[in-house]
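K.L.:
Shown below is the structure under consideration.
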Amino acid sequence: MAGHSKWANIQHRKGRQDEKRGKVWTRVIREIMVAARQGGGDLSANPRLRLAVDKAKAANMPADTIKRNIDKATGNLEGVNYEEIRYEGYGIGGAAIIVDTMTDNRVRTVAEVRHVFSKYGGNMGTEGSVAFQFRHCGQLILAPGTSEEAVMEVALEAGAEDIVTDEDGAVEVLTGPGQFEAVKNALEAAGLKPEVAEVTWRAENTIPLAGDDAARMQKIIDMLEDLDDVQAVFHNAEISE
Numbered sequence: 001m002a003g004h005s006k007w008a009n010i011q012h013r014k015g016r017q018d019e020k021r022g023k024v025w026t027r028v029i030r031e032i033m034v035a036a037r038q039g040g041g042d043l044s045a046n047p048r049l050r051l052a053v054d055k056a057k058a059a060n061m062p063a064d065t066i067k068r069n070i071d072k073a074t075g076n077l078e079g080v081n082y083e084e085i086r087y088e089g090y091g092i093g094g095a096a097i098i099v100d101t102m103t104d105n106r107v108r109t110v111a112e113v114r115h116v117f118s119k120y121g122g123n124m125g126t127e128g129s130v131a132f133q134f135r136h137c138g139q140l141i142l143a144p145g146t147s148e149e150a151v152m153e154v155a156l157e158a159g160a161e162d163i164v165t166d167e168d169g170a171v172e173v174l175t176g177p178g179q180f181e182a183v184k185n186a187l188e189a190a191g192l193k194p195e196v197a198e199v200t201w202r203a204e205n206t207i208p209l210a211g212d213d214a215a216r217m218q219k220i221i222d223m224l225e226d227l228d229d230v231q232a233v234f235h236n237a238e239i240s241e
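Using the UniProt record's numbering, read the sequence shown as starting at 1 and increasing by one per residue.
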């Protein structure tokens, strides 16, 4: 199946995230605590916690920091309780935006998210107003030049739902959220390391933005991502440099 060019957008997004590494630990710690609180502290029995710990290790978080926060979440140490809240809205040109947050103060969080939408030209919507435009799935993206045939053979055998070859040659593997880990492990075992590997909200269709509109949309995304309580921002804008 052929798809649109995503590689430039992915590299652009990763570059911006790299500039914000100072916030990575904070976000990963929250994810660890929520995952451990909901599913327990046993990594072998909690896929969401395994994924969070993988993110922590990739961010060079010390093992004792990881363990301490798992212990906090499972009641072995005193800690803060976070709740997950999702907000939805529209950015520039009708582009859809999903904002995932973890917060210990929902009044503060909703006020901050609403402020960004209103200040920078977006509109905050109601629950479900844009989520239908996204697919909740595992997404693994391999760099242009990767053998589509090799990826397809391994990924489909491991339970992938679809393989998409983008216009620029990147190979995108889509899975159900529950099959993500098995497919990721199978690809890596075959020497096929994804550049992007995450359970995400993937836009079913994208809205191309350029010039002033692209800059304004990027501003909304940046300001949302800069909020302390925001874990992730998903959108369907295809932003030109």
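Note that CB positions come from ideal geometry on N, CA and C, so glycine has one too.
Can you find the residues in the same chain that come closer than 8 angstroms, C-beta to C-beta, to Gln133, ignoring five residues on each side of it along the sequence?
P.N.:
Stepping through the sequence shown from its first residue, residue 133 is reached at position 133. Within the same chain, Gln133 has close Cβ partners Ala96, Ala203, Glu204, Asn205, Asn236.
K.L.:
Using CA coordinates, which residue listed in Leu140, Met217, Ala45, Asp64 is at the minimum distance from Lys184?
P.N.:
Position 184 of the sequence shown, counted from the first residue, corresponds to residue 184. Nearest of Leu140, Met217, Ala45, Asp64 to Lys184, Cα basis: Leu140.
K.L.:
Between which residues of its own chain and Ile131 is the CB-CB distance below 7 angstroms, once the five residues before and five after are set aside?
P.N.:
The residue you call residue 131 lines up with position 131 of the sequence shown. According to the sequence provided, residue 131 is Ala. The question's Ile does not apply to it. Result list for Ala131: Glu88, Ile98, in chain order.
K.L.:
Under 8 angstroms by Cβ, that's how I've got Ala73 and Arg37 pegged, so tell me the actual separation to the nearest angstrom.
P.N.:
Taking the first residue of the sequence shown as position 1, residue 73 is located at position 73. Taking the first residue of the sequence shown as position 1, residue 37 is located at position 37. So it is a contact: roughly 4 angstroms between Cβ atoms.
K.L.:
Between Phe221 and Val233, which are expected to be in contact by the criterion C-beta below 8 angstroms, what is the C-beta distance as a whole number of angstroms?
P.N.:
Counting from one through the sequence shown, the residue named residue 221 turns up at place 221. Counting from one through the sequence shown, the residue named residue 233 turns up at place 233. The question names Phe, but residue 221 in the sequence shown is Ile. Contact holds; Cβ gap of about 6 angstroms.
K.L.:
Could you pull out every residue in the same chain whose Cβ sits closer than 6 angstroms to the Cβ of Asp100, ignoring the five residues on either side in sequence?
P.N.:
Numbered from 1 along the sequence shown, position 100 holds the residue referred to as residue 100. Here the set comprises Arg86, Gln231, Ala232.
K.L.:
Leaving out the 5 sequence neighbours to the left and right, which residues in its chain are closer than 7 angstroms to Thr146 when beta-carbon positions are compared?
P.N.:
Translated into positions along the sequence shown, residue 146 becomes position 146. Excluding positions up to five away in sequence, the list reads Val171, Leu192.
K.L.:
Roughly how many angstroms lie between the CA atoms of Asp54 and Gly138, to the nearest whole one?
P.N.:
Taking the sequence shown and counting its residues from 1, one reaches residue 54 at position 54. Taking the sequence shown and counting its residues from 1, one reaches residue 138 at position 138. So the alpha carbons of these two residues sit roughly 15 angstroms apart.
K.L.:
For residue 273, which residues in the same chain have their Cβ closer than 7 angstroms to its Cβ, ignoring the five residues on either side in sequence?
P.N.:
In the structure displayed, the chain extends from 1 to 241; residue 273 sits before or after that span and is not available.
K.L.:
By DSSP's criteria, Glu161 is part of a beta bridge. Which residues make up the other side?
P.N.:
Translated into the one-based positions of the sequence shown, residue 161 becomes position 161. Answer by DSSP bridge pairing: none, since Glu161 is not bridged.
K.L.:
Considering only C-alpha positions, which residue in the set Lys219, Ile32, Glu238, Glu149 is nearest to Met102?
P.N.:
The count along the sequence shown starts at 1 and reaches residue 102 at position 102. Cα-wise, what sits closest to Met102 is Ile32.
K.L.:
Could you check how far apart the C-beta atoms of Val173 and Val151 are, in whole angstroms? I think they sit under 8 angstroms.
P.N.:
As a working mapping, residue 173 is identified with position 173 in the sequence shown. As a working mapping, residue 151 is identified with position 151 in the sequence shown. About 6 angstroms separates the two Cβ atoms, so the contact holds.
K.L.:
Return helix, strand or coil for Met223, following the three-state DSSP convention.
P.N.:
Taking the first residue of the sequence shown as 1, we reach residue 223 at position 223. Three-state DSSP puts Met223 in a helix.
K.L.:
Please go through the same chain and pick out, in chain order, the residues whose beta-carbon is closer than 7 angstroms to the beta-carbon of Gly211, but skip the five residues on each side of it.
P.N.:
Here residue 211 is taken as the residue at index 211 of the sequence shown, counted from 1. Excluding residues within five positions, none has a Cβ falling inside 7 angstroms.
K.L.:
Tell me the rounded alpha-carbon separation between Ser129 and Ala111.
P.N.:
Start at 1 with the first residue of the sequence shown, and residue 129 comes out as number 129. Start at 1 with the first residue of the sequence shown, and residue 111 comes out as number 111. Near 18 angstroms, if we compare the C-alpha coordinates of Ala111 and Ser129.
K.L.:
Helix, strand or coil: how does DSSP classify Gly3 here?
P.N.:
The count along the sequence shown starts at 1 and reaches residue 3 at position 3. Residue confidence is low: Gly3 scores 44 on pLDDT, short of 50, so the model does not pin down where it sits. Its coordinate-derived value is still stated next. Strand at Gly3.
K.L.:
If you check the beta carbons only, do Asp213 and Ile92 fall under 8 angstroms apart?
P.N.:
Residue 213 sits at position 213 when you count from the first residue of the sequence shown. Residue 92 sits at position 92 when you count from the first residue of the sequence shown. Cβ atoms of Asp213 and Ile92: closer than 8 angstroms.
K.L.:
Quick one: residues in its chain with C-beta nearer than 8 angstroms to the C-beta of Val28, no 5 flanking neighbours on either side, listed in chain order?
P.N.:
Taking the first residue of the sequence shown as 1, we reach residue 28 at position 28. Around Val28: Ala52, Lys55, Ala56, Ala59, Met61.
K.L.:
Quick one: which unbroken beta strand (DSSP E) runs of 3-plus residues sit fully inside the UniProt domain "TACO1/YebC-like second and third" (82 to 237)? Chain order, please.
P.N.:
Runs found: 83 to 90, 96 to 103, 134 to 142, 162 to 166, 171 to 175, 196 to 203, 207 to 209, 230 to 235.
K.L.:
In the DSSP output, which residue or residues are listed as bridge partners for Ile239?
P.N.:
Counting from one through the sequence shown, the residue named residue 239 turns up at place 239. DSSP output for Ile239 lists Leu209 as bridge partner(s).
K.L.:
Could you tell me the boundaries of the alpha helix (DSSP H) in which Leu49 lies?
P.N.:
Here residue 49 refers to the residue found at position 49 of the sequence shown. First-last of the alpha helix (DSSP H) with Leu49: 47 to 58.
K.L.:
Starting from the C-beta of Val199, find all residues in its chain whose C-beta is less than 6 angstroms away, skip the five residues before and the five after it, and write them out in chain order.
P.N.:
Position 199 of the sequence shown holds residue 199. Only Gly138, Pro177, Phe180 meet the Cβ criterion.
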